[in-house]
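Notes for the one structure printed next.
Numbering (this note's numbering), first residue to last: 811 to 925.
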């Protein structure tokens, strides 16, 4: 799998994660739904780690390091949402997830720009 497909896959899965998270906010959540949300986050983390080791471009490595950090921070904030249920924390969680989506989109654009 070349890098542009990996970045596109990461952006697509991140978009699915954001939509699923919105579903959880509007329709409620239980342990099984949260577990699925966490599993999707794990997949995004794996894509970021695979991407980090598959690219040699320093800018892309820095963006992917940021993605790895973002997934970890977003996951920690998600635990606070599950325990405290504060709307402000939910918004921060969403905005950081949008940042993750934009990072994958930038990576895809950089790869397409080279071609």
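Beta carbons are placed, not taken as given, at the ideal position from N, Cα and C, and that holds for glycine.
Please read all numbers here as calculations on a predicted model, not as lab measurements.
Classify residue i as helix, strand or coil using the three-state DSSP reduction.
i, result
"residue 865", "coil"
"residue 839", "coil"
"residue 811", "coil"
Within 10 angstroms of the Cβ of residue i, are there 16 or more other Cβ atoms? Answer buried if so, exposed if not.
i, result
"residue 813", "buried"
"residue 898", "exposed"
"residue 913", "buried"
"residue 877", "buried"
"residue 824", "buried"
"residue 829", "exposed"
"residue 925", "exposed"
So the alpha helix (DSSP H) residue i belongs to, where does it begin and stop?
i, result
"residue 924", "897–924"
Take every Cβ of the stretch 891–910, pair it with every Cβ of the stretch 863–872, and state whether three or more of those distances are shorter than 8 Å.
no
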